[in-house]
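Participant: Counting in my numbering, the sequence shown runs from 16 upward without gaps.
The structure that follows is given in the form of structure tokens.
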Amino acid sequence: MRDWAVLALSLAYLLSLFLIAWAGDRPRAGGTAARRAPFVYPLTIAVYCSSWTLYGAVGEAAANGMDFLAIYVGPILVMLLGWPLVRRIARIAQAENVTSISDFISARYGKSRALAALVTVTAVIGLMPYFALQLKAITISFEALTGSGAEAPLPGGTTLLVALALAAFAVLFGVRGIHANEHHRGLMLAIATESLVKLAAALLVGGAIAFFALGAVPPEAPRPALPAFDPLDPSFWGAVLLSALAFLCLPRQFHVAIVENTHLDDIRTSAWAFPIYLIAINIFVAPVALVGLALLPGGTAQADSFLFAIPLALGWNWLAFAAFLGGLSAATGMIIVSTLALGTMISNDVILPALASSRLLGRRWDADPAPIVLRARRAAVVGTIALGYLCYLLIGPAFPLAKIGMMSFAAVAQFAPALLGGLVWRRATGRAAFVAISAGFLGWLYTVVVPAFVAAGWLPGDWLAHGPAGVAALNPRALLGLRLDPLVHGMLWSLGPNLLCFVAVSLASRADAAERVQAERFVATLPARAEPAASGKVASLADLRDLAARFVGEGRAEETFAALAATRQGPMTEVEEVLRARVDPEAAQMTERLLAGAIGPASARVVVASLLANRRFSNADARGLIDDASRAIMSRHELLRDTLQNIRQGICVFDDGFRATLWNRRFLELLAFPPERMAVGTPLREMVRFNEDRREYGGDEGRYDTLLARQLDPERRGKPDVYERRRPDGTVLEIATNPLPGGGFVAVFTDVSDRYRAAAALREANETLEQKIAERTRALSAAKGEAERANLGKSRFLAAAGHDLLQPLQAAHLFLSALSERVSDPAIPQIDASLKSVEHLLGELLEVSKLDSGVTRPVVTDFRVADVLLPLGAEFGMLAARRGISFHLVECAASVRSDPAMLRRILQNFLGNAMRYTVTGRVLLGCRKRGETLEISVWDSGPGIPADKFDEIFVEFRRLGTETGCGGEGLGLGLAIVERLAGLLGHELGVRSKIGRGSCFLVRVPLARTQAPRRVAAPRRVARDFGGALLLLIENDPSIAQAMRDLLGGWGCAVVSAATAEQGLAALAGARPDAILSDFHLDHGRTGLEALDQLRGTLGTGIPATIITADRDPGIRAAAHAAGCHLLSKPIRPGALRALLTRMLAEAETGEAPRAAEG
16 MRDWAVLALS LAYLLSLFLI AWAGDRPRAG GTAARRAPFV YPLTIAVYCS
66 SWTLYGAVGE AAANGMDFLA IYVGPILVML LGWPLVRRIA RIAQAENVTS
116 ISDFISARYG KSRALAALVT VTAVIGLMPY FALQLKAITI SFEALTGSGA
166 EAPLPGGTTL LVALALAAFA VLFGVRGIHA NEHHRGLMLA IATESLVKLA
216 AALLVGGAIA FFALGAVPPE APRPALPAFD PLDPSFWGAV LLSALAFLCL
266 PRQFHVAIVE NTHLDDIRTS AWAFPIYLIA INIFVAPVAL VGLALLPGGT
316 AQADSFLFAI PLALGWNWLA FAAFLGGLSA ATGMIIVSTL ALGTMISNDV
366 ILPALASSRL LGRRWDADPA PIVLRARRAA VVGTIALGYL CYLLIGPAFP
416 LAKIGMMSFA AVAQFAPALL GGLVWRRATG RAAFVAISAG FLGWLYTVVV
466 PAFVAAGWLP GDWLAHGPAG VAALNPRALL GLRLDPLVHG MLWSLGPNLL
516 CFVAVSLASR ADAAERVQAE RFVATLPARA EPAASGKVAS LADLRDLAAR
566 FVGEGRAEET FAALAATRQG PMTEVEEVLR ARVDPEAAQM TERLLAGAIG
616 PASARVVVAS LLANRRFSNA DARGLIDDAS RAIMSRHELL RDTLQNIRQG
666 ICVFDDGFRA TLWNRRFLEL LAFPPERMAV GTPLREMVRF NEDRREYGGD
716 EGRYDTLLAR QLDPERRGKP DVYERRRPDG TVLEIATNPL PGGGFVAVFT
766 DVSDRYRAAA ALREANETLE QKIAERTRAL SAAKGEAERA NLGKSRFLAA
816 AGHDLLQPLQ AAHLFLSALS ERVSDPAIPQ IDASLKSVEH LLGELLEVSK
866 LDSGVTRPVV TDFRVADVLL PLGAEFGMLA ARRGISFHLV ECAASVRSDP
916 AMLRRILQNF LGNAMRYTVT GRVLLGCRKR GETLEISVWD SGPGIPADKF
966 DEIFVEFRRL GTETGCGGEG LGLGLAIVER LAGLLGHELG VRSKIGRGSC
1016 FLVRVPLART QAPRRVAAPR RVARDFGGAL LLLIENDPSI AQAMRDLLGG
1066 WGCAVVSAAT AEQGLAALAG ARPDAILSDF HLDHGRTGLE ALDQLRGTLG
1116 TGIPATIITA DRDPGIRAAA HAAGCHLLSK PIRPGALRAL LTRMLAEAET
1166 GEAPRAAEG
């Protein structure tokens, strides 16, 4: 089917759910009660059947046979046998006005805020993979139905649209008001509708496949069978236990079964209706798996998609769409309810307590917290869906549906000991619940999540074989050497420590008063009314009503307190008169429950207690609040004391009679005041007299400024004051005083000695600044001169080293060339190749050194880029042909501004790397204009480069080929040279690469302002016979002179060699040579140019000459050109020497003036 059609129909279906939810909410808007619909409740708790049921169950059946039934047997047993427990939980939840499972557990254990936050965080982390499961199911079914594949403009683009629609749905129909425990009739009606749709899809599609698709299987095809079912398999019963606990503890199940329950009798109806639903929706799972294995062989990797893949394979497109719609219903229903439940938990148990206890919102929170609560809840809902979508992008492709679902089931099962144990055991404590859930969560992370991550390739694979760091006892699949079924193992090491800690810590700790009261309410069969968290006298019912109105609105507060007043109103009593009565335990408890629906039980308890804390209480009614207030006061006292004792300032508070009432340890330290002389009520005058006796003020009596004198000064008294005083030991104290509202003042003593010392040091530094600047300037000048001398020495060393290192290689190369023309031996080409490789590596080393030393300078001109590209194309085209790969050059007529030799070197290195790393495929060299620059690119189809290695490839001696197994020989200097050349030229480099697809290296060169003229190629000279040619060779190295004589003699030349010009003239004995070849560096510091001048002075200037050198100094090249000589660089290649010799002899025959040339 077309993707736009499927998307349009899907959005239309979601829109229909909007309309159903809107219609379901209309009676509430009109003020009439909704008609009771007993079968809506069983259909809403069928939200348990997510996309895992429609798709994942088929995949599980194909892989493991009837084991898929385990996750349904658990809920069926809970509803058939444990429905009284569910009804009891619902009754307690209604009495406590809880809004989520975190509220329920927190309320049982004294309304602990920390415990509620822990349950919330655990649920969010544990259920994010479950969210990803639903989004993954939507994606795979949509892609299979439309054939769109994985290529989309957005990651999971279709899924993103569905996630946005679900977020809007949840906000519009789930968070319309701030009272989280109000019943969302419209939303539940939409969820019930979705349950019908997914049931219809499962029956329609499953039935069609079971009864009609089997005939499409070829008769000769093998008939597969599902794996045998073992009723004694511990993993099966482990999954049954896990699903039963998850059915009770999943936040979405708790929300629809407990929070949204309006009639307790509906639970009894669901005891038989819900099991029938589960049986019906799974009745065709095994037949579909069998048909899928027969019709679509290929293993269980695609088994999750059998429900829609089989109709697609048979051409039943609309039936496939029905399967997709069923999966969409299952996934969206689960996500909407889970998002609403988790959003409520996050806002009530994390965000709102933080806002209520902080001063971030200040008066806005005190005046009208309702908008803040609503925005926090909506943000939590949207954030939950966003986290689920992000989790889908991260782990969606890595795990099959069933594996993701079991991970989340195991996470929420950690709430079971605290939840169920709190209903039957009065001794259970909040501390035990906190420790137990924490221990179980950590065990779940290590034994369930870590193995899944290892299987996905996110963690080292040897962790499951040998354990982390090779410690077998830490193997997450066989912890402490205990090898069991993975599911049973994970349950043992998560629920086991959870239950053990719950029992042990409960026995070792003692519940406080609030926990004991709540334990009685929860453990009793019918929860009895308990003492409120705080109640009091003088605080009236009207005060409680006003407090509630700030959180739940005037209407809700008036309605609730009017109902309370009606139960207490006599025939002649007005409502307002009832509300003027003092607060009693029942009213305080009712207010706390009312607020709990908006901000959670933990926050509600704090808010009600804060109101009552400002009132007077009777002994009977206020006992609990006094205990809480005492603990709060002691806690704040300890906090204030610790704060004062740990700040850097000394503080002392005096009353209006100048008597000390409060001070900290730092005050005594700064004044060196004996602690035994300080007591509450010590007069300031006595403290001043003690300081006078020990001459603390450094002067005679009456001539110094004291704190007492300044406070007695009428102009300063009652006003803030700051002054400084130096103590005899040199300490400088800054003393700041501020008056207190009730009289008296607070004095703050700060040690500012460091500031004074810094000021003195600054003055000294300013005085000596000019002298230091002059000294530093001289030092910098000396360092600069030393650096320049060192750089010059380095350059000279490089020139000498290059010459001396290349000399023996040159001799060996020439001897080998001469030998190759006389003897035919297969080893000669191999030796020659090795010598060339050594020369190339040595040349690269010298080139890097020269670039670093600054010897090389670019000669920037305007030229046609084709003058560089075409020769490179010819050179590397032949190399590519020999290597069996394709090479293509895209010609370009643009002109650029650069150094042609350096640009050629850059591109030569790019092409060399491309040829080296491309085993098969092609290499492309081309250009593209980018604004004012020309982008010259080299593309290859090699193995590619990881993005995190882009910077590393330009580092000297770093070759990625050693890791990928290709790349040939080299020192890894090519790209280091490229980076330096580009830096000299000011050209920008670029790299793009994809692993397995190839790489692109590019350089951006400025375009020339004018078009450069086309370079006319010099006419090729016809090679001539060297027979009879007389050559004079000036070479001071005997080995090279001998090699040259052998090589040139093999070409038919007569060679006269000498170490100096004088010896050369003597050896010629009056003969005139046809050409002169001279090394540049000769003995005794003489140069070849000097020798050439001497020879020309005797033999004449018409003899062509060539200077041979291994020195790359540009000055030598310029001097040779100025002398009209050719220049031949070592190492000498026989081909280049032969071509140059041909040219020189042609010049000698024609009488053409020698032109400087470079070889």
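Positions of the beta carbon are idealized from the N, C-alpha and C atoms, including for glycine.
Quick one: which unbroken beta strand (DSSP E) runs of 3-plus residues sit fully inside the segment 744-796? Chain order, please.
Facilitator: DSSP runs (the beta strand (DSSP E)) wholly in the segment 744-796: 747-754, 760-766.
Participant: When the distance is taken between beta carbons, is valine 427 closer than 8 angstroms to leucine 142?
Facilitator: Yes, the Cβ-Cβ distance between leucine 142 and valine 427 is below 8 angstroms.
Participant: Using three-state DSSP, classify glutamate 730 as helix, strand or coil.
Facilitator: Looking at glutamate 730 - three-state DSSP - the assignment turns out to be coil, as it is neither helix nor strand.
Participant: Between the alpha carbons of tryptophan 440 and alanine 301, how many angstroms are there, rounded?
Facilitator: In a straight line, the C-alpha of tryptophan 440 is about 42 angstroms away from that of alanine 301.
Participant: Give the DSSP bridge partners of glycine 1013, in chain order.
Facilitator: In DSSP, glycine 1013 forms a bridge with Lys1009.
Participant: Assuming threonine 948 is part of the beta strand (DSSP E), what are its boundary residues?
Facilitator: Element bounds for threonine 948: 948-955.
Participant: Is the beta carbon of alanine 215 less than 8 angstroms from the beta carbon of alanine 338?
Facilitator: The answer is no: Cβ separation not under 8 angstroms.
Participant: Taking C-beta to C-beta, are phenylalanine 878 and valine 911 nearer than 8 angstroms?
Facilitator: Contact flag set, yes.
Participant: Mind checking who proline 698 pairs with in its DSSP beta bridge?
Facilitator: Looking at the DSSP assignment, proline 698 forms a beta bridge with Arg674.
Participant: Sorted by chain position, which residues of the same chain lie with C-beta nearer than 6 angstroms to alanine 431's C-beta, five sequence neighbours on each side aside?
Facilitator: Once the five neighbours on either side are set aside, the close Cβ partners of alanine 431 are Leu260, Cys264.
Participant: When DSSP labels each residue in this structure, what does aspartate 1094 get in the three-state scheme?
Facilitator: If DSSP states are grouped into helix, strand and coil, aspartate 1094 belongs with the strands.
Participant: Should tyrosine 738 be labelled buried (16 or more other beta-carbon atoms within 10 Å of its own) or exposed?
Facilitator: That one is exposed.
Participant: From the DSSP output, in three-state form, read off phenylalanine 244 for me.
Facilitator: If DSSP states are grouped into helix, strand and coil, phenylalanine 244 belongs with coil.
Participant: So which of Tyr124, Leu241, Ile282 has the shortest CA-CA distance to glycine 437?
Facilitator: Comparing Cα positions, the closest option is Tyr124.
Participant: How should leucine 1160 be labelled, buried or exposed, when 16 other C-beta atoms within 10 angstroms of its C-beta is the threshold for buried?
Facilitator: With 16 or more other Cβ atoms within 10 Å, it is buried.
Participant: Given a threshold of 16 other Cβ atoms within 10 Å of its Cβ, counted over all protein chains shown, does asparagine 661 qualify as buried or as exposed?
Facilitator: So asparagine 661 counts as exposed.
Participant: In three-state DSSP terms, what is threonine 1121?
Facilitator: The answer is strand: DSSP assigns threonine 1121 an E or B state.
Participant: Run the CB neighbour count on lysine 944, radius 10 Å, all protein chains shown included, and call it buried at 16 or more, exposed below.
Facilitator: That one is exposed.
Participant: Are glycine 341 and lysine 213 touching if we call contact CB-CB under 8 angstroms?
Facilitator: Yes; because the gap between Cβ atoms is below 8 angstroms, this pair is in contact.
Participant: What's the call for leucine 1156, buried or exposed, on a 16-neighbour Cβ count within 10 Å?
Facilitator: Buried, because 16 or more other Cβ atoms sit within 10 Å of the Cβ of leucine 1156.
Participant: Run through DSSP, which three-state label would alanine 1138 get?
Facilitator: Three-state result, alanine 1138: coil.
Participant: Using 10 angstroms around the beta-carbon of methionine 506, count the other beta-carbons present and answer buried if the total reaches 16, otherwise exposed.
Facilitator: Buried, because 16 or more other Cβ atoms sit within 10 Å of the Cβ of methionine 506.
Participant: What does the alpha-carbon distance come out to for the pair glycine 758 and aspartate 670?
Facilitator: One C-alpha to the other measures close to 6 angstroms.
Participant: Taking contact to mean at least 3 C-beta pairs separated by less than 8 angstroms, is the segment 118-136 in contact with the segment 392-409?
Facilitator: As far as the Cβ criterion goes, the segment 118-136 does not touch the segment 392-409, which means the pair count is below three.
Participant: Exposed or buried, what is methionine 917 when buried is set at 16 or more other beta-carbons lying within 10 Å of its beta-carbon?
Facilitator: Methionine 917 comes out buried.
Participant: Excluding sequence positions up to five away, which residues of its chain have a Cβ less than 8 angstroms from the Cβ of leucine 32?
Facilitator: Same-chain partners within the cutoff: Phe184, Ala205, Thr208, Glu209, Thr347.
Participant: Using CA coordinates, which residue listed in Gly420, Ser524, Ala1023, Arg731 is at the minimum distance from proline 1176?
Facilitator: Missing from the structure shown is residue 1176; the chain here goes from 16 to 1174 and no further.
Participant: Thinking just about the alpha-carbon of each residue, which of Leu310, Ala122, Ala529 is nearest to the one in alanine 77?
Facilitator: Nearest option by C-alpha distance: Leu310.
Participant: If the criterion is Cβ atoms closer than 8 angstroms, does the pair leucine 343 and isoleucine 224 meet it?
Facilitator: No, the Cβ-Cβ distance between leucine 343 and isoleucine 224 is not below 8 angstroms.
Participant: According to DSSP, is histidine 903 helix, strand or coil?
Facilitator: In the structure shown, histidine 903 sits in a strand (DSSP, three-state: E or B).
Participant: Rounding to the nearest angstrom, what Cα-Cα distance links asparagine 1051 and leucine 1143 in this structure?
Facilitator: The straight-line gap from Cα to Cα measures roughly 17 angstroms.
Participant: When you compare only the Cα positions, how much space is there between leucine 1114 and aspartate 1108?
Facilitator: Each residue's alpha carbon lies about 10 angstroms from the other.
Participant: Assign phenylalanine 449 to one of two classes, buried (16 or more other C-beta atoms within 10 Å of its C-beta) or exposed (fewer than that).
Facilitator: Classification for phenylalanine 449: buried.
Participant: By how many angstroms is the C-alpha of alanine 433 removed from the C-alpha of isoleucine 350?
Facilitator: Those two C-alpha atoms are separated by around 26 angstroms.
Participant: Quick one: grab the DSSP three-state call for serine 555.
Facilitator: Serine 555 falls in the strand class under three-state DSSP.
Participant: State the beta-bridge partners of leucine 1045 as determined by DSSP.
Facilitator: According to DSSP, which records beta bridges pairwise, leucine 1045 is partnered with Ala1069.
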